[in-house]
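Okay, structure first, notes after.
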Amino acid sequence: MVDARLPDGSRVNAVLPPLTIDSPVLSIRRFGQIFSPEDLITRQSCTPEMITFLETAVTCRTNTLISGGTGAGKTTL
Numbered sequence: 000m001v002d003a004r005l006p007d008g009s010r011v012n013a014v015l016p017p018l019t020i021d022s023p024v025l026s027i028r029r030f031g032q033i034f035s036p037e038d039l040i041t042r043q044s045c046t047p048e049m050i051t052f053l054e055t056a057v058t059c060r061t062n063t064l065i066s067g068g069t070g071a072g073k074t075t076l
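In numbering that gives the first Met the number 0, the protein residues as written are 0 to 76.
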């Protein structure tokens, strides 16, 4: 298993047998535009209350854990 970063900032993950069952797996995560808090609300990714909570947590410099499965939107958030 290997994790790497490409020159453009994209992240690469490769997993080979015997860690995978059937075949090698390669994923490349490319980063697009940066979303504002208003964009996240408009796209219904967050509620206004969630944005307020996150802004307060950042302002207060608290430790915050963002978790979720692959493709759940952790990086976008």
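Ideal Cβ positions, reconstructed from N, Cα and C, are used throughout, including at glycine.
Legend entry - Alpha-carbon to alpha-carbon, phenylalanine 52 and arginine 10: 29 Å
Inset, instruction - Note down the Cα distance separating glutamate 37 from threonine 75, rounded to an integer number of angstroms. - result: 13 Å
Legend entry - Spatial distance of isoleucine 50 from alanine 3 (CA atoms): 31 Å
Inset, instruction - Using a threshold of 8 Å, state whether the C-beta atoms of leucine 25 and alanine 13 are closer than that. - result: yes
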